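Trainee: Just so you know, we're using full-length UniProt numbering here: the sequence shown kicks off at 1 and counts up by one. Below you will find the structure I want to go over with you.
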Amino acid sequence: MRPVDDLTLDLFADLAPRAPEAVPATAAEVLDILRGWSEQGLLRHLDTAMARFVAAQDPEAAPALLVATALLVQMEGRGHSCLPLALLVADPNAVLAWPAEAQEELHALWSRLPRPLARWQQALARSPLLRVAAHAPDQGQPLVLGGPAHAPLLYLRRYWDYERQVAAQITQRSMAVVPVEAAEVKQWLDRMFAPTPEAFDWQRLACAIALRGRFSVITGGPGTGKTYTVARLLALLFATAPEPERLRVALAAPTGKAAARLKQSIDASLKQLDSSLGGLLDLEALVQRVGAARTLHSLLGARPDTRAFAFHHGQPLDVDVLIVDEASMIHLEMMAALLDALPPAARVVFLGDKDQLASVEAGAVLGDLCRSAEAGHYTSATAAYALAAAGQPLPAACLADAGSALPLAQQTVMLRESRRFGGPIGQLAQAVNTGDSARALALLRAAEGGVLHMREGAPPQAVCQLAVARGQAAVNYQAFVQALAARPALTMAAEAHTAWVRSVLTAFERFRLLCAVREGDWGVAGLNRAIEKALAEQGAIAPRGEWYAGRPVMVTRNDAALGVYNGDIGVALPGAMAGSGLRVYFMDGPALRAVGVSRLAHVETAFAMTVHKSQGSEFEHTALVLSAHAGSVLGRELVYTGITRARQAFTLMSQAPGLLASAIHSPTQRVSGLLGFLEQQAGQAREAPGSAAPDELAPWVD
């Protein structure tokens, strides 16, 4: 029996004083709080401006809608295409990851907002500025609430449209299987690839899969042979096309550097293949037909001061086959524009490393498309085609039921064996990619063969010394300094000047400092200043203003008129003639391009650059610089991308111990609804009259 005192307390429990319930926040209070967060740097002024716009357009807007709008725009600025509403309602800090000192204020506001997810959804749905995609008509609302009922996603309208358009294009193209003669394909693949009886050859499969489809993805880490494979795919297309002389092939990449590397790699692979084929194909003609690789902006016809491109659905690209490298850098808006501009009958093949950093802008398209690439999820029809065309039975672990397999999966191949990255650098990259910080640290501390180096807790001066000091074991900017000093006399022929310029550019590309952040002593800006000062003290350069001989620069804005694009790197050097002034020289494959310095308004010094900007490049020696103030930027993908830029040597310079392990344990996850759209589009395609499930398609001719 319970004590009497306990029973008495129960009787009067309702009379005991309670903590007062939080007073619901008003719209005006929310706008004030949002403005305060902008002043603290927790939000951008753009984020709060969008909330004020919603309040001005809808005077009855609920406080929850104003908060969600500001945070949605902030998430878009961080690379997410939408806002996960259920997670935001349950735990806002799980979405925002704000510092500890800001969390108390965040939770104070949350206590004054409707708590259950359903009440948030109701509050948002009342606004005429928001469309509930499941049942509301499209009236041009700037906000869209979509996604599954248990995990709704809030979008800015254009990102909702981009994801829907990309999913529709990919699904349609993945299901548009091109009939091929499997026996003929196998004969050519047998000639192009050496037999591998003991291992499954994923490169052979990638060629066979891409040949039969209008849309294909070939993913893999460094050294897995993505461009080697696609060169053989081009030869296979050339060999099996009814009229190969009419085949229009284009190469593209997000940056000029990546585009140039793609062209060089494919040309080299085709020349190597030519000798093994014994003249069965006129590959020299194919090399000529392919032409130069271009940036995506150049390919689509970027126009100044507008997001629109010259090529689109109504004015498609003049191409039969499009190969796009470094696809991890393609953001959602660019992917939508690119797919929209492709002719319906064209093939497109995307190459890229799914584990690299995603684009700075919103979307992680390649990561979304390759979410299940390692598992395969191939149907029995795909397995039958792989056996007939590639001569290999697919591993049983990679098979799936037709009803659960996306059409996209049937056109995606992951290359798994690295032929170039098996040494210490490759082992380090693999350890980082799998989240094994203990293994990564052990590799760096072992400094095996002088390939890997690490220094933690060093001052920024140590980073500068690594970059410019004479007598370093690994390559640094002294190779660049020596090339600069070897300038030929003005009386020498123009050919000598051209050779000198090429040697300077080549020397500069041997080493690079890669940073996680832009600002501060451990960022791009601080290290560029420090290296300039150190090289000036050595007498290697004479920076007496913005422009000086030997200044390396990166283009930061596309300029089609000048033929330069965001990410292009060149060096300011004097011209061949006396008094010709400084020009910035860019390497375009074996050729050189030069632009007068007065015409380049959008450039920045490039002794140090961000890891993001380094994608598509490789350096003999790469030094990755980790700042203690990088915050959420410092993640696993950033470290992995930095490591894989190195060919022969890698150095890690960390401002404080523990930063590497922290980064390895922080994989970046971008919020997206693209996979949901792909599943929805695939379901609709299967249910449409006359459509076929992936297992019922006829992908090859026996």
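Note that the Cβ used here is the ideal one computed from N, Cα and C, for glycine as well. Please read these numbers as outputs of a predicted model, since none were measured by experiment.
Between the alpha carbons of L322 and G352, how many angstroms are there, rounded?
Mentor: Taking the straight line from one Cα to the other gives about 14 Å.
Trainee: Tell me which residue opens and which closes the beta strand (DSSP E) that L357 is part of.
Mentor: Neither: L357 is in no beta strand (DSSP E) and is coded neither H nor E.
Trainee: Quick check on Q478: buried or exposed, where buried means 16 or more other Cβ atoms within 10 Å of its Cβ?
Mentor: Q478 comes out buried.
Trainee: Measure the C-alpha to C-alpha separation of R232 and G575 and round it to an integer number of angstroms.
Mentor: Near 41 Å, if we compare the C-alpha coordinates of G575 and R232.
Trainee: Counting C-beta neighbours from all protein chains within 10 Å, is the total for H297 16 or more, i.e. buried, or is it exposed?
Mentor: Answer is buried; the Cβ neighbour count reaches 16.
Trainee: Figure out for me which residue from G391, Q410, Q392 has the closest Cα to the Cα of A400.
Mentor: Taking only the C-alpha atoms, the option nearest A400 is Q410.
Trainee: Would you decide whether M577 is buried or exposed? Buried here means 16 or more other CB atoms lie within 10 Å of its CB.
Mentor: Exposed, since its Cβ has fewer than 16 Cβ neighbours within 10 Å.
Trainee: Give the secondary structure of F309 by DSSP, where H, G and I count as helix, E and B as strand, and everything else as coil.
Mentor: Correct three-state label for F309: strand.
Trainee: Report all residues from its chain with a CB closer than 7 Å to the CB of L7; omit the five preceding and five following residues, and keep chain order.
Mentor: Since pLDDT at L7 reaches only 36, below the 50 mark, its modelled position is unreliable, and the value read off the structure follows with that caveat. If we look at L7 and ignore the five residues flanking it on each side, it has no Cβ neighbours.
Trainee: Give the DSSP bridge partners of G220, in chain order.
Mentor: Looking at the DSSP assignment, G220 forms a beta bridge with L415.
Trainee: Alpha carbon to alpha carbon, what distance is there between T498 and D588?
Mentor: For D588 and T498, the distance between alpha carbons rounds to 13 Å.
Trainee: Rounding to the nearest angstrom, what Cα-Cα distance links G457 and G520 in this structure?
Mentor: Their Cα atoms are separated by approximately 16 Å.
Trainee: How would you label E76, buried or exposed, when you count the other beta carbons within 10 angstroms and need 16 or more for buried?
Mentor: Classification of E76: buried, given that the 10 Å Cβ count is 16 or more.
Trainee: What does a CB cutoff of less than 8 Å around V30 pick up in its chain, not counting 5 residues either side in sequence?
Mentor: Taken in chain order, the residues that qualify are A51, P63, L66, V67, L109.
Trainee: Is it the case that the segment 214 to 229 contacts the segment 171 to 179, given that we only count it when at least three CB pairs across the two stretches are under 8 Å?
Mentor: Touching, yes, given that three or more Cβ pairs across the two stretches are closer than 8 Å.
Trainee: Comparing C-alpha positions only, which one of N433, A327, A489, L415 sits nearest to P203?
Mentor: A quick correction: the sequence has Gln, not Pro, at residue 203. Closest option to Q203, Cα to Cα, is L415.
Trainee: Counting beta carbon pairs with one atom in the segment 646 to 653 and one in the segment 438 to 453, are three or more of them shorter than 8 Å?
Mentor: With a cut-off of 8 Å, the segment 646 to 653 and the segment 438 to 453 count as touching, because enough Cβ pairs lie within range.
Trainee: Less than 8 Å between the CB atoms is what I'm expecting for A431 and L527, so what's the real figure, rounded?
Mentor: The Cβ separation is near 26 Å, so there is no contact.
Trainee: Is the segment 282 to 298 in contact with the segment 254 to 266, if contact means three or more CB pairs nearer than 8 Å?
Mentor: A contact exists between the segment 282 to 298 and the segment 254 to 266.
Trainee: How should V4 be labelled, buried or exposed, when 16 other C-beta atoms within 10 angstroms of its C-beta is the threshold for buried?
Mentor: Per-residue confidence for V4 stands at a pLDDT of 38, beneath the threshold of 50, marking its modelled position as unreliable; the derived number appears in the next sentence. Label assigned to V4: exposed.
Trainee: To test your reading of the DSSP string, which unbroken beta strand (DSSP E) runs of 3 or more residues are found completely within the segment 200 to 287?
Mentor: Correct list: 215 to 220, 249 to 253.
Trainee: Can you tell me the Cβ-Cβ gap for W522 and S627, rounded? I've got them flagged as a contact below 8 Å.
Mentor: With 8 Å as the limit, W522 and S627 qualify as a contact, their Cβ atoms being about 4 Å apart.
Trainee: Just the Cα atoms here: how many angstroms apart are L697 and S380?
Mentor: Because L697 carries a pLDDT of 44, less than 50, the predicted location of this residue cannot be relied on, and no value is offered for it.
Trainee: Let me know the secondary structure DSSP gives M335 once reduced to three states.
Mentor: Residue state, collapsed to three classes: helix.
Trainee: Candidates P590, S614, V571, T605: which alpha carbon is nearest G596's?
Mentor: Answer by Cα proximity: V571.
Trainee: Taking buried to mean at least 16 other C-beta atoms within 10 Å of its own C-beta, is P667 buried or exposed?
Mentor: Exposed is the call here.
Trainee: Since I believe T605 is in contact with E509 (beta carbons under 8 Å), could you give me their beta-carbon distance rounded to a whole number of angstroms?
Mentor: Contact flag wrong, Cβ pair sits at about 16 Å.
Trainee: For the segment 324 to 333 against the segment 343 to 361, do three or more pairs of beta-carbon atoms, one drawn from each stretch, fall closer than 8 Å, so that the two count as touching?
Mentor: Yes, since at least three Cβ pairs between the segment 324 to 333 and the segment 343 to 361 fall closer than 8 Å, the two stretches touch.
Trainee: Looking only at DSSP bridge pairs, what is S654 linked to?
Mentor: According to DSSP, which records beta bridges pairwise, S654 is partnered with E456, L626.
Trainee: In this structure, does DSSP put F511 in helix, strand or coil?
Mentor: F511 falls in the strand class under three-state DSSP.
Trainee: Taking P424 as part of the alpha helix (DSSP H), name the residues at either end of that continuous run.
Mentor: Its alpha helix (DSSP H) spans residues 424 to 433.
Trainee: Which whole runs of the alpha helix (DSSP H) in the segment 22 to 62 are 4 residues long or more, in chain order?
Mentor: As far as the segment 22 to 62 is concerned, its whole alpha helix (DSSP H) runs of at least 4 residues are 27 to 39, 45 to 57.
Trainee: So, helix, strand or coil for R557, using DSSP?
Mentor: Reduced to three states, the DSSP call for R557 is coil.
Trainee: What three-state label does DSSP hand T379 in the structure shown?
Mentor: Looking at T379 - three-state DSSP - the assignment turns out to be coil, as it is neither helix nor strand.
Trainee: Please indicate yes or no: does the CB of A458 lie closer than 8 Å to some heavy atom of the ligand MN?
Mentor: Among the components of this structure there are no ligands whatsoever, and the ligand MN is therefore not found.
Trainee: So is H313 buried or exposed if we call it buried at 16+ other beta carbons inside 10 Å?
Mentor: H313 should be labelled exposed.
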